[in-house]
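S.K.: Below: one structure in structure tokens.
There are 2 protein chains.
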Amino acid sequence: MKVMEIAKAAGVKPDTVRFYTREGLLIPARNPDNNYQQFDAEDLRRLRFARKARQLGFSLPEIRSILNQADDHHSPCPLVREVFEQRLEEVEREIRELNQLRDRMKSALTAWQAMPDGTPDGHTICRLIEHWDEPAFVNGFRE
Amino acid sequence: MKVMEIAKAAGVKPDTVRFYTREGLLIPARNPDNNYQQFDAEDLRRLRFARKARQLGFSLPEIRSILNQADDHHSPCPLVREVFEQRLEEVEREIRELNQLRDRMKSALTAWQAMPDGTPDGHTICRLIEHWDEPAFVNGFRE
DNA sequence: CTAAAACCTGTGAGCAACTCACAGGTCAAG
DNA sequence: CTTGACCTGTGAGTTGCTCACAGGTTTTAG
Numbered sequence: 019m020k021v022m023e024i025a026k027a028a029g030v031k032p033d034t035v036r037f038y039t040r041e042g043l044l045i046p047a048r049n050p051d052n053n054y055q056q057f058d059a060e061d062l063r064r065l066r067f068a069r070k071a072r073q074l075g076f077s078l079p080e081i082r083s084i085l086n087q088a089d090d091h092h093s094p095c096p097l098v099r100e101v102f103e104q105r106l107e108e109v110e111r112e113i114r115e116l117n118q119l120r121d122r123m124k125s126a127l128t129a130w131q132a133m134p135d136g137t138p139d140g141h142t143i144c145r146l147i148e149h150w151d152e153p154a155f156v157n158g159f160r161e
Numbered sequence: 019m020k021v022m023e024i025a026k027a028a029g030v031k032p033d034t035v036r037f038y039t040r041e042g043l044l045i046p047a048r049n050p051d052n053n054y055q056q057f058d059a060e061d062l063r064r065l066r067f068a069r070k071a072r073q074l075g076f077s078l079p080e081i082r083s084i085l086n087q088a089d090d091h092h093s094p095c096p097l098v099r100e101v102f103e104q105r106l107e108e109v110e111r112e113i114r115e116l117n118q119l120r121d122r123m124k125s126a127l128t129a130w131q132a133m134p135d136g137t138p139d140g141h142t143i144c145r146l147i148e149h150w151d152e153p154a155f156v157n158g159f160r161e
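For the protein sequence lines, the chains are G and D, in the order given. Sequential numbering of the first sequence, starting at 19, is according to our numbering. Sequential numbering of the second sequence, starting at 19, is according to our numbering.
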């Protein structure tokens with residue numbers, strides 16, 4: 019298979035295939051005639067694996083070490099389980115933060131309904147933002 | 019005020035002050051003696067404004083145009099309201115996607131409890147991932 | 001047979017919002 | 001007068017692609 023063919027087979031763009039090759043996730047053979055990359059069924063499996071892992075939240079370095087471990091005939095599954103639980107916690111933290119952001123935004127919108135727009139007067143730029151309360155989590159949560 | 023002073027006053031790192039200056043959000047005067055940047059109360063107001071706006075989800079280009087509009091003696095508030103509602107929708111979309119990701123991860127974790135680890139055999143890398151179902155929204159939602 | 005279209009190659013840059021590093025200049029304190 | 005803390009501008013690193021470019025190859029149409 020050539021780049022475009024494996025890309026179509028895995029449902030990704032050719033550029034993504036090239037990028038993964040650059041990053042060492044795919045190590046295709048070469049056609050000595052024209053130096054084209056030759057992908058086989060194993061490469062396709064790796065590419066599909068990588069895409070599924072990405073959808074589950076794995077990073078490229080993580081996927082690379084999982085693939086390397088499989089190449090060394092070790093089971094990557096324990097590593098998969100471990101990384102995965104960390105990622106789940108991160109995702110849940112991101113969700114909590116985004117929910118807080120949404121709440122802050124919604125309460126701001128409500129408060130703004132009664133507020134006039136006003137022109138900058140050298141003391142304020144836009145009261146909507148300047149007179150909006152500092153969220154609590156900035157001090158207590160992020161640092 | 020010098021960089022470190024305004025940074026402390028606004029609760030950000032000096033590097034952030036320098037970065038915002040590079041990006042044109044702050045336009046400090048210069049001390050002709052040593053070419054140091056001289057920030058005044060107005061700069062501090064802009065910096066604090068920018069930080070608050072960032073916490074509400076505004077991007078730096080958006081903040082820059084809001085500040086520019088205020089500099090031109092136009093009320094930036096209508097722009098603030100408009101951009102803000104778009105951002106709120108984006109945030110809610112991100113939350114929906116993250117929630118779906120979390121659900122996928124959780125159901126994967128549950129399914130994995132009964133699965134053995136297994137060693138790569140040339141046909142599979144890690145069944146945990148390979149035999150996990152394609153999420154629905156990849157086809158129907160993202161593209 | 002040839003010319004154009006489609007594909008291949010490697011590489012570098014762009015995205016967002018910082019953060020860090022570097023090399024060299026300035027200034028206050030001891 | 002030296003040390004240390006600060007200043008200057010700039011370039012690179014972060015993440016996962018995506019796009020662009022310049023040039024080589026292969027396929028297809030005329």
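C-beta atoms are modelled at their ideal positions from N, C-alpha and C, and glycine is treated no differently. All values derive from a computational prediction rather than experimental measurement.
Check the Cβ of residue 117/G against every Cβ in chain D and list those closer than 8 Å, keeping chain order.
M.R.: 113
S.K.: How many Å lie between residue 133/G and residue 88/D at the Cα?
M.R.: 17 Å
S.K.: Would you mind reading off the limits of the alpha helix (DSSP H) that contains residue 26/G?
M.R.: 21-28
S.K.: So, does the CB of residue 34/G fall closer than 7 Å to a CB anywhere in chain D?
M.R.: Among the CB atoms of chain D, none fall inside 7 Å of the CB of residue 34/G.
S.K.: Within 7 Å (strictly less), CB to CB, does residue 106/D reach chain G?
M.R.: yes
S.K.: In three-state DSSP terms, what is residue 104/G?
M.R.: helix
S.K.: Here's the rule I'm using: 16 or more other beta-carbon atoms within 10 Å means buried, otherwise exposed. How should residue 54/G be labelled?
M.R.: exposed
S.K.: Excluding the five sequence neighbours on either side, which residues of its own chain have a C-beta within less than 7 Å of the C-beta of residue 28/G, listed in chain order?
M.R.: Cβ neighbours of residue 28/G beyond the five flanking positions: 62, 65, 66 and 69.
S.K.: Would you mind telling me which residues of chain G sit closer than 8 Å to residue 25/D, beta carbon to beta carbon, in chain order?
M.R.: Per Cβ cutoff of 8 Å: no residues; residue 25/D is ~15 Å from chain G at best.
S.K.: Cutting at 8 Å between CB atoms, please list the residues of its own chain near residue 30/D, excluding the five before and the five after it.
M.R.: 65 and 69
S.K.: Just verifying my parser: in three-state terms, what is the DSSP assignment at residue 47/D?
M.R.: strand
S.K.: In this structure, what does DSSP give as the bridge partners for residue 87/G?
M.R.: Partner(s): none; residue 87/G has no beta bridge.
S.K.: For residue 131/G, which of helix, strand or coil comes out of DSSP?
M.R.: coil
S.K.: Does residue 67/G get closer than 7 Å to chain D when you measure Cβ to Cβ?
M.R.: yes
S.K.: Need the endpoints of the alpha helix (DSSP H) that residue 31/D sits in, please.
M.R.: Taken as a continuous stretch (DSSP letters only), residue 31/D belongs to no alpha helix (DSSP H), as it is neither H nor E.
S.K.: Say whether the region 34-41 of chain D touches the region 107-117 of chain G, bearing in mind that this needs 3 or more beta-carbon pairs closer than 8 Å, one atom from each stretch.
M.R.: no
S.K.: Around the C-beta of residue 50/D, are 16 or more other C-beta atoms found within 10 angstroms, so that it is buried, or is it exposed?
M.R.: Residue 50/D comes out exposed.
S.K.: Count the other CB atoms, across all protein chains shown, that sit within 10 Å of the CB of residue 96/D; report buried if there are 16 or more and exposed otherwise.
M.R.: exposed
S.K.: Residue 56/G bridges to which residues according to DSSP?
M.R.: 47/G
S.K.: Taking the C-alpha atoms as reference points, what is the distance between residue 47/G and residue 93/G?
M.R.: 25 Å
S.K.: Does residue 93/D have its Cβ less than 7 Å from a Cβ in chain G?
M.R.: yes
S.K.: Quick check: is the beta carbon of residue 120/G nearer than 7 Å to any beta carbon in chain D?
M.R.: yes
S.K.: Is the CB-CB distance between residue 106/D and residue 22/G below 7 Å?
M.R.: no
S.K.: Figure out for me which residue from 140/G, 74/G and 108/G has the closest Cα to the Cα of residue 146/D.
M.R.: 74/G
S.K.: So residue 99/D and residue 130/G are in contact, right, with Cβ under 8 Å, and what is the actual spacing, rounded?
M.R.: Rounded, the Cβ-Cβ distance is 7 Å, consistent with contact.
S.K.: Verify the CB distance criterion: does residue 154/G have a CB-CB separation below 7 Å to chain D?
M.R.: In this prediction, residue 154/G has a pLDDT of 48, which is less than 50 and means its spatial position is unreliable; what the coordinates show is noted afterwards. False, the Cβ-Cβ gap to chain D never drops below 7 Å.
S.K.: For residue 61/G, does the three-state DSSP call read helix, strand or coil?
M.R.: helix
S.K.: Can you list the residues of chain G that residue 135/D reaches, using a CB-CB cut of under 7 Å?
M.R.: 93, 95 and 96
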